[in-house]
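Below is one structure, written out as structure tokens, with a few remarks after it.
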Amino acid sequence: MTRRQIILSIPGMVLLEQSAKTATVHRNRSKRPGKLALNARSRVERPPSSGHTKVIESTLNFNVSQTAIIVCDMWDDHWCKSSARRVTEMAPVMNQVISAARQLGVMVIHAPSGTIDYYKDTPQYRRMAEAPHVDPPTPIKNWCHLEPDKEKRLPIDDTDGGCDDTEPRTAHRVWRRQHPAIEIKHYDGISDQGSQVYNFCYSEGITNLAIMGVHTNMCILGRSFGIRQMVRLGMKVVLVRDLTDSMYDPRDEPKVTHQQGTDLVIEHIERYWCPSVLSRDLITLGQARELTRL
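Numbering of the sequence shown is given in the numbering used here, commencing with residue 1 and proceeding in unit increments.
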């Protein structure tokens, strides 16, 4: 090739290089107008140090363009068969909710921890992994343990794993992916890393998170993308209380039903960490309003 031919070929080479770079850019969801009017429930100690809590109901107005749903650890299987059964029952309902929220413009982030190898070649994962790095305001931990300076111990005993199967079982990994009843769409994200979730949310202007999934007393609170960490990062977080489940065995303290055990953990979160909402508030746009009711 002559020097002239080389020079003439340079613009084409540049275009090819630019095209290759462009191909790695993942278009994200379009930003839509509208607000979600969330009927939020939280708890405060009144009077202070009395040990008595009061329920506070208020309205949170979340712009859909600034809101994401995080689907936490809704795996395809679980070593505790009772837990796996409840997830299988919950998954189709959850899918209906996130499908409706997605149509409104809410971002959906799937976080099936420990299964990312299954998704590593998908655009949904690359969208999260390739978001520009941001220095977080506080360190992002691999796991956020109970914080005695902020919260009391959990109201249920889950020290043996919390499985309520009739036969004793040993914890082991059986999950490979997210439950297939929960659809993953093109503009969704997939990640089990809090740093990736935070980077993506920052780059997209997302400041509000609605967290759903399992388990309320474990991963929902403790994961690097869970409630404790995201609250510490300054995100506005809510727990979707009708789309979560705990690991709790009624044979353990406080010896209440499984659902009552889950409700106790939800109340703990409402008191110490963030409000809870019902999923119905995520599927329709509401009129912005102010409401606080004791």
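C-beta atoms are modelled at their ideal positions from N, C-alpha and C, and glycine is treated no differently.
Rounded to the nearest angstrom, what separates residue i and residue j at their Cα positions?
i       : j       : result
Thr-332 : Met-212 : Residue 332 lies beyond the stretch modelled for the chain, which goes from 1 to 294, so this question has no answer here.
Asp-252 : Met-230 : 30 Å
Glu-17  : Ile-69  : For Glu-17, the predicted structure reports a pLDDT of 40, less than 50, and the residue's modelled location is therefore unreliable. The matter cannot be settled from this model.
Gly-34  : Thr-244 : 26 Å
Val-277 : Phe-62  : 12 Å
Ile-220 : Ile-227 : 6 Å
Thr-22  : Asp-121 : Unreliable placement is indicated for Thr-22, whose pLDDT of 37 sits below 50; the coordinate value is still reported in the next sentence. Spanning the two alpha carbons is a distance of roughly 17 Å.
Pro-105 : Arg-32  : The question names Pro, but residue 105 in the sequence shown is Gly. Taking the straight line joining both Cα atoms gives about 6 Å.
Ile-184 : Arg-102 : 11 Å
Asp-76  : Gly-286 : 34 Å
Ala-210 : Gln-124 : 19 Å
Met-128 : Pro-155 : 35 Å
Asp-281 : His-258 : 25 Å
Gln-260 : Met-107 : 31 Å
Ala-37  : Pro-168 : 44 Å
Val-197 : Asp-117 : 17 Å
Ile-283 : Asp-192 : 25 Å
Cys-72  : Gln-66  : 19 Å
Thr-88  : Pro-112 : 14 Å
Ala-131 : Thr-115 : 20 Å
Met-235 : Trp-175 : 29 Å
Leu-239 : His-268 : 11 Å
Pro-275 : Asn-217 : 15 Å
Asp-164 : Glu-57  : 32 Å
Arg-178 : Pro-250 : The question names Arg, but residue 178 is Gln in the sequence shown. Distance between the alpha carbons of Gln-178 and Pro-250: 27 Å.
Glu-151 : Arg-241 : 19 Å
Glu-147 : Arg-271 : 14 Å
Arg-86  : Val-265 : 17 Å
Thr-170 : Lys-255 : 21 Å
Ser-50  : Ile-182 : 43 Å
Pro-180 : Ala-100 : 18 Å
Using 8 Å for Cβ pairs, my map puts residue i next to residue j. What's the rounded Cβ distance?
i       : j       : result
Asn-199 : Val-134 : 5 Å
Asp-158 : Met-247 : 6 Å
Lys-141 : Ser-224 : 6 Å
Met-310 : Val-214 : Since the first residue of the chain shown is 1 and the last is 294, residue 310 is not available in this structure.
Val-64  : Ser-279 : Not a contact, Cβ separation roughly 15 Å.
Trp-143 : Gly-222 : 5 Å
His-110 : Ile-190 : 5 Å
Asn-303 : Tyr-187 : Shown here, the chain extends from 1 to 294; a query on residue 303 therefore has no answer.
Taking the beta strand (DSSP E) that residue i falls in, what are its first and last residues?
i       : result
His-110 : 107-111
Val-237 : 236-245
Lys-35  : 35-45
Leu-60  : 53-63
Let me check one thing: in DSSP terms, what residues is residue i bridge-paired to?
i       : result
Trp-143 : Arg-223
Ala-131 : Its beta-bridge partners do not exist; DSSP assigns none.
Phe-200 : For Phe-200, which the question treats as bridged, DSSP gives no partner whatsoever.
Cys-72  : Ala-111, Gly-213
Thr-170 : None; Thr-170 has no bridge partner.
Gly-189 : Ile-109
Thr-67  : Asn-208
Val-277 : Val-240
Gln-178 : Trp-75
Along the chain, where does the alpha helix (DSSP H) containing residue i start, and where does it finish?
i       : result
Thr-262 : 258-272
Val-321 : Because the chain spans 1 through 294 in this model, residue 321 falls outside it and cannot be assessed.
Are the C-beta atoms of residue i and some chain B residue less than 8 Å apart?
i       : result
Ile-116 : Among the chains in the structure shown there is no chain B, since it carries only a single protein chain.
| query | So, do the segment 39-49 and the segment 79-86 have three or more beta carbon pairs nearer to each other than 8 Å? | reply | Proximity of the segment 39-49 to the segment 79-86 falls short of the contact definition, fewer than three beta-carbon pairs being nearer than 8 Å.
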